[in-house]
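Novice:
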Amino acid sequence: MKKKVDLYCKLQIANLKMLINFKRILKAGWQNFSRDGGIAVATIFILVLAIFLVSTIFLSKDISQFLIASLQEKADISVYFKEFVLEDDILKIKEKLSQVPEVKNVEYVSKEEAIKRLVAKHPQLIESVQETEGMLRLSSLNVNVFEANQYQPVMNFLESSNFKDYIDKVDYYERRPVIERIFSLTSLFSKIGISLSIVLIITAILVTFNTIRLAISNQKEEIKIQRLVGASNWFIRGPFLVQGAISGLIAVLITALIFSSICWFLSPKIEFFFAGLNLFHLFIKNFWVLLLIQFASGILLAVISSTIAIRKYLRV
Amino acid sequence: MIKFQNITKIYPTHLQAGYPTVALGNVSFEIKEGEFVSIVGRSGAGKTTLLKLILVEEKPTKGRIFFEGEELSKLKPEKLPQLRRKIGAVFQDYKLLASKTTYENVAYVFQVIGASDLEIARDVPKVLEIVGLQDRANNFPAELSAGERQRVSIARALIHRPKVILADEPTGNLDPYNTLDIIKLLLKIHEMGGTLVLATHDKEIVNSLGKRVITLEEGKIIRDEEKGRFIL
Numbered sequence: 647m648k649k650k651v652d653l654y655c656k657l658q659i660a661n662l663k664m665l666i667n668f669k670r671i672l673k674a675g676w677q678n679f680s681r682d683g684g685i686a687v688a689t690i691f692i693l694v695l696a697i698f699l700v701s702t703i704f705l706s707k708d709i710s711q712f713l714i715a716s717l718q719e720k721a722d723i724s725v726y727f728k729e730f731v732l733e734d735d736i737l738k739i740k741e742k743l744s745q746v747p748e749v750k751n752v753e754y755v756s757k758e759e760a761i762k763r764l765v766a767k768h769p770q771l772i773e774s775v776q777e778t779e780g781m782l783r784l785s786s787l788n789v790n791v792f793e794a795n796q797y798q799p800v801m802n803f804l805e806s807s808n809f810k811d812y813i814d815k816v817d818y819y820e821r822r823p824v825i826e827r828i829f830s831l832t833s834l835f836s837k838i839g840i841s842l843s844i845v846l847i848i849t850a851i852l853v854t855f856n857t858i859r860l861a862i863s864n865q866k867e868e869i870k871i872q873r874l875v876g877a878s879n880w881f882i883r884g885p886f887l888v889q890g891a892i893s894g895l896i897a898v899l900i901t902a903l904i905f906s907s908i909c910w911f912l913s914p915k916i917e918f919f920f921a922g923l924n925l926f927h928l929f930i931k932n933f934w935v936l937l938l939i940q941f942a943s944g945i946l947l948a949v950i951s952s953t954i955a956i957r958k959y960l961r962v
Numbered sequence: 176m177i178k179f180q181n182i183t184k185i186y187p188t189h190l191q192a193g194y195p196t197v198a199l200g201n202v203s204f205e206i207k208e209g210e211f212v213s214i215v216g217r218s219g220a221g222k223t224t225l226l227k228l229i230l231v232e233e234k235p236t237k238g239r240i241f242f243e244g245e246e247l248s249k250l251k252p253e254k255l256p257q258l259r260r261k262i263g264a265v266f267q268d269y270k271l272l273a274s275k276t277t278y279e280n281v282a283y284v285f286q287v288i289g290a291s292d293l294e295i296a297r298d299v300p301k302v303l304e305i306v307g308l309q310d311r312a313n314n315f316p317a318e319l320s321a322g323e324r325q326r327v328s329i330a331r332a333l334i335h336r337p338k339v340i341l342a343d344e345p346t347g348n349l350d351p352y353n354t355l356d357i358i359k360l361l362l363k364i365h366e367m368g369g370t371l372v373l374a375t376h377d378k379e380i381v382n383s384l385g386k387r388v389i390t391l392e393e394g395k396i397i398r399d400e401e402k403g404r405f406i407l
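Shown next as structure tokens:
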């Protein structure tokens, strides 16, 4: 019984000591940060740049997806139907086409809708359209696929189907060069975007790591002294990690503020050029994910960099 | 308490044309608990290396060092802080934490050993009073004179009542008035039962102490006397 009580007391004391040490590490981390002055400001500045870059890359992924999708939408083929074909038949064909695995989207454009679109696009043609109504336009299905090379299977499907007699014309062979060009361009844009993002993220990580490494190398003499007076590795490392976390936290808050302001300010201007692309709406939609990414990139970057940078000075 | 067994320490050269430096060559001696031992010798005789070996700041090239029966070269890295907590070190260049105040420098060692806040608040001002720095508690090392810094270093070395105090030229940068103060302080610690190892090349101090003197010359012990004098 006495042994159990002794063991319990020892455990309680060990827990208490751990708690005291934790409190001291937090306090020392805050003290180091508040006394670091210019170095702390420089670290935060670099972290803000890194987090800003990561956030921009994250958001530009959505923006580029939007732009690529809108560009790819233009690379469609139209299946024009003969005048006698009824709308119900066309809708049935649409249903069948939608089931083709390569097909991304099928849109039905009635004869009236086609005229409306033509007039909207070229208002000066309104009179001549009225005169020639019914002659210029046919009902059609606009078909989008996922990849440029997927149009040929769709063509094969159309040519071998039992409704091929309903089809007046498919503009695939005319539009083929343009379609292939659009798809190769968008694929190039995606590849450049991904490569650029990777290079920028690596640059941000290296710059941040080096800034923190330099800040810690300034403290190498202090770390050595702490080792010589008997401090354990965690008692030395702890305050640096806390300091890194504080810098990361402040950097995240600053970045979030700057980033949201920029999105809010630029949103109407961007929407003017790219209709349907609302940057602020995109920011709000992704707010929590973005904040999580900012916290992860800011705090983790600072803490991991501090851990790596401090390691070699602890070998005294 | 401390035992050196055929210790050799050679610092390698980083230059192709250079020669390695033999800081200590086959040195053996023992220091018993409660002893006051002065290690004397010219600059470069190996005094600082000897203290660094006890503190495991350096490792011997050959030989074995024992501290309380434990062989230091076999000590696991995670046990090193525990050994160092048993030693109070006064360094020639003070080695104070520049970002901490006098009070925080002294309290740091106490925190390291896991003392409670109450103990820290009770003992640190007392020790600062002993070394005469109670009015400089909130000053950073850069704001202190050489003598004051050395006294902070001593306060830090004795705050946690270590088993042994290593003092490397503690009066090297001080004027005679401060030197006397520091030596009186070290003697007081010794009278209270502490083991002291003092490395110095100050002839007057060593002769006035009348304690054991180990004399080093070019890394070798040339004399080890119970009530020795500074003879070179």
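Those sequence lines, one after another, are chains A and E. Here the first sequence is numbered in our numbering, starting from 647 and rising by one per residue. Here the second sequence is numbered in our numbering, starting from 176 and rising by one per residue. Even for Gly, the Cβ is constructed at its ideal location relative to N, Cα and C.
State buried or exposed for E:R336, treating a residue as buried only when at least 16 other CB atoms are found within 10 Å of its CB.
Specialist: Counting from one through the second sequence, the residue named residue 336 of chain E turns up at place 161. Burial call: exposed.
Novice: With distances taken from CA atoms, which of A:D734, A:S786, A:Y726 is nearest A:Y754?
Specialist: What you label residue 754 of chain A is simply residue 108 of the first sequence in a count that begins at 1. Nearest of A:D734, A:S786, A:Y726 to A:Y754, Cα basis: A:S786.
Novice: Listing by chain order, which chain A residues have their CB less than 9 Å from the CB of E:G369?
Specialist: Numbered from its first residue, the second sequence carries residue 369 of chain E at position 194. None at all; the shortest Cβ gap to chain A is about 17 Å.
Novice: Return the residues of the region 844 to 877 of chain A that lie within a Cβ-Cβ distance of less than 9 Å from chain E, sorted by chain order.
Specialist: Here the close residues are Q865, E867, E868, K870, I871, Q872, R873, L874, V875, G876, A877.
Novice: To the nearest angstrom, how far is it from the Cα of E:L293 to the Cα of A:A902?
Specialist: For the purposes of this step, residue 293 of chain E is taken as the residue at position 118 of the second sequence. For the purposes of this step, residue 902 of chain A is taken as the residue at position 256 of the first sequence. In a straight line, the C-alpha of E:L293 is about 42 Å away from that of A:A902.
Novice: Comparing the C-beta of A:F881 with each C-beta of chain E, is any distance below 8 Å?
Specialist: Within the first sequence, the letter at position 235 stands for residue 881 of chain A. Yes - at least one Cβ of chain E is within 8 Å of the one on A:F881.
Novice: Got a sec: is the Cβ-Cβ distance from E:Y147 to anything in chain A below 8 Å?
Specialist: The structure shown does not extend to residue 147 of chain E, since chain E is modelled only from 176 through 407, so no value can be given for it.
Novice: By the 10 Å Cβ neighbour count, where 16 or more other Cβ atoms means buried, how is E:L407 classified, buried or exposed?
Specialist: Taking the first residue of the second sequence as 1, we reach residue 407 of chain E at position 232. Counting Cβ neighbours within 10 Å, E:L407 comes out exposed, since fewer than 16 surround it.
Novice: In the region 341 to 371 of chain E, which residues sit with their C-beta less than 8 Å from some C-beta in chain A, listed in chain order?
Specialist: Residues passing the 8 Å Cβ filter: none.
Novice: Any beta-carbon of chain A closer than 8 Å to the one on E:E245?
Specialist: What you label residue 245 of chain E is simply residue 70 of the second sequence in a count that begins at 1. With 8 Å as the cut-off, E:E245 does not count as an interface residue toward chain A.
Novice: Relative to the alpha-carbon of A:S951, which residue among A:L887, A:D682, A:L899 has its alpha-carbon at the smallest distance?
Specialist: What you label residue 951 of chain A is simply residue 305 of the first sequence in a count that begins at 1. The shortest C-alpha separation from A:S951 is found at A:L887.
Novice: For the alpha helix (DSSP H) that contains A:K656, what are its first and last residues?
Specialist: If you number the first sequence from 1, residue 656 of chain A lands on position 10. Note, A:K656: alpha helix (DSSP H), 648 to 681.
Novice: Compare the C-alpha of E:F179 against each of E:T196, E:S203, E:T370, E:F266 and name the closest.
Specialist: Within the second sequence, numbered from 1, the residue matching residue 179 of chain E stands at position 4. Checked all of E:T196, E:S203, E:T370, E:F266; the closest Cα to E:F179 is E:S203.
Novice: Using a cut-off of 9 Å between C-beta atoms, extract the partners of A:N667 located in chain E.
Specialist: Sequence index remark: in the first sequence, residue 667 of chain A carries index 21 (1-based). Chain E residues near A:N667: Q286, G289.
Novice: Can the beta-carbon of E:V284 be found closer than 8 Å to that of E:I340?
Specialist: Counted from its first residue, the second sequence places residue 284 of chain E at position 109. Counted from its first residue, the second sequence places residue 340 of chain E at position 165. No, the pair does not count as a contact, with Cβ atoms beyond the cut-off.
Novice: Does DSSP put A:Q865 in a helix, in a strand, or in coil?
Specialist: Within the first sequence, the letter at position 219 stands for residue 865 of chain A. A:Q865: coil per DSSP, three-state reduction.
Novice: Would you say A:K663 reaches chain E, if we count a Cβ-Cβ gap shorter than 8 Å as a contact?
Specialist: Here residue 663 of chain A corresponds to residue number 17 of the first sequence, with the count starting at 1. True, the Cβ-Cβ gap to chain E drops below 8 Å.
Novice: What residue range is occupied by the uninterrupted beta strand (DSSP E) comprising E:V265?
Specialist: As a first step, residue 265 of chain E is located in the second sequence; it is residue number 90 there, counting from the start. Residues 262 to 265.
Novice: Closer than 7 Å between beta carbons: that is the criterion. Which residues of the region 216 to 242 of chain E meet it against chain A?
Specialist: Cβ contacts with chain A: L230, E232.
Novice: Are E:V197 and E:H376 close, meaning C-beta to C-beta below 8 Å?
Specialist: Against the second sequence, residue 197 of chain E aligns to sequence position 22. Against the second sequence, residue 376 of chain E aligns to sequence position 201. Contact flag unset, no.
Novice: Pop quiz: A:I838 and A:Q718 are said to be a contact at Cβ under 8 Å. What is the actual Cβ separation, rounded to whole angstroms?
Specialist: Working through the first sequence from its first residue, we reach residue 838 of chain A at position 192. Working through the first sequence from its first residue, we reach residue 718 of chain A at position 72. Actually they do not touch by this definition, with Cβ atoms about 16 Å apart.
Novice: Who are A:D708's beta bridge partners in DSSP?
Specialist: Sequence index remark: in the first sequence, residue 708 of chain A carries index 62 (1-based). Beta-bridge pairing links A:D708 to no other residue.
Novice: According to DSSP, simplified to helix, strand and coil, what is A:S806?
Specialist: For the purposes of this step, residue 806 of chain A is taken as the residue at position 160 of the first sequence. Looking at A:S806 - three-state DSSP - the assignment turns out to be helix.
Novice: Using DSSP bridges, identify the partner residues of E:T246.
Specialist: Within the second sequence, the letter at position 71 stands for residue 246 of chain E. Correcting the residue type first, residue 246 of chain E is Glu in the shown sequence and not Thr. Per DSSP, E:F241.
Novice: Consult DSSP for A:S786 and reduce its assignment to one of helix, strand or coil.
Specialist: On the first sequence, position 140 is the one that residue 786 of chain A refers to. Strand, per DSSP.
Novice: Would the region 216 to 230 of chain E and the region 936 to 955 of chain A be scored as touching if the rule is three or more Cβ pairs under 8 Å?
Specialist: At 8 Å Cβ cutoff, the stretches do not touch.
Novice: Checking the sheet assignment: what are the DSSP bridge partners for E:D343?
Specialist: Within the second sequence, numbered from 1, the residue matching residue 343 of chain E stands at position 168. Per DSSP, E:A374.
Novice: For a test of the three-state rule: what should DSSP assign to A:Q745, helix, strand or coil?
Specialist: Here residue 745 of chain A corresponds to residue number 99 of the first sequence, with the count starting at 1. Looking at A:Q745 - three-state DSSP - the assignment turns out to be coil, as it is neither helix nor strand.
Novice: Leaving out the 5 sequence neighbours to the left and right, which residues in its chain are closer than 8 Å to A:M781 when beta-carbon positions are compared?
Specialist: Here residue 781 of chain A corresponds to residue number 135 of the first sequence, with the count starting at 1. Unreliable positioning characterises A:M781 in this predicted model, as indicated by a pLDDT of 48, which lies under 50. The coordinate reading is nonetheless provided below. Here the set comprises nothing.
Novice: Taking Cβ-Cβ distances below 9 Å as the criterion, which residues of the region 253 to 281 of chain E are in contact with chain A?
Specialist: Result list: E253, L255, P256, Q257, L258, R259, R260, K261, I262, G263, A264, F266, K270, L271, L272, A273, S274, K275, E279.
Novice: Within the continuous alpha helix (DSSP H) that includes A:E759, where are the two ends?
Specialist: Translated into the one-based positions of the first sequence, residue 759 of chain A becomes position 113. That run of the alpha helix (DSSP H) goes 757 to 767.
Novice: CB A:S893 to CB A:T689, shorter than 8 Å?
Specialist: Position 247 of the first sequence holds residue 893 of chain A. Position 43 of the first sequence holds residue 689 of chain A. The answer is yes: Cβ separation under 8 Å.
Novice: Note down, in chain order, every chain E residue with its Cβ under 8 Å from the Cβ of A:R670.
Specialist: Position 24 of the first sequence, counted from the first residue, corresponds to residue 670 of chain A. Here the neighbours are Q286.
Novice: Could you work out which residue in A:M801, A:L831, A:Y812 is closest to A:Y819 when comparing CA atoms only?
Specialist: Your numbering for residue 819 of chain A matches position 173 in the first sequence. Looking at the Cα atoms, A:M801 is the closest of the given residues.
Novice: Assign A:Y754 to one of three DSSP states: helix, strand, or coil.
Specialist: For the purposes of this step, residue 754 of chain A is taken as residue 108 along the first sequence, with counting starting at 1. Note: A:Y754 maps to strand in three-state DSSP.
Novice: Under the three-state reduction of DSSP, which class applies to A:M781: helix, strand or coil?
Specialist: Position 135 of the first sequence, counted from the start, is the residue given in the question as residue 781 of chain A. Residue placement at A:M781 is poorly supported in this model, since its pLDDT is 48, which falls under 50; the coordinates are not used for a value here.
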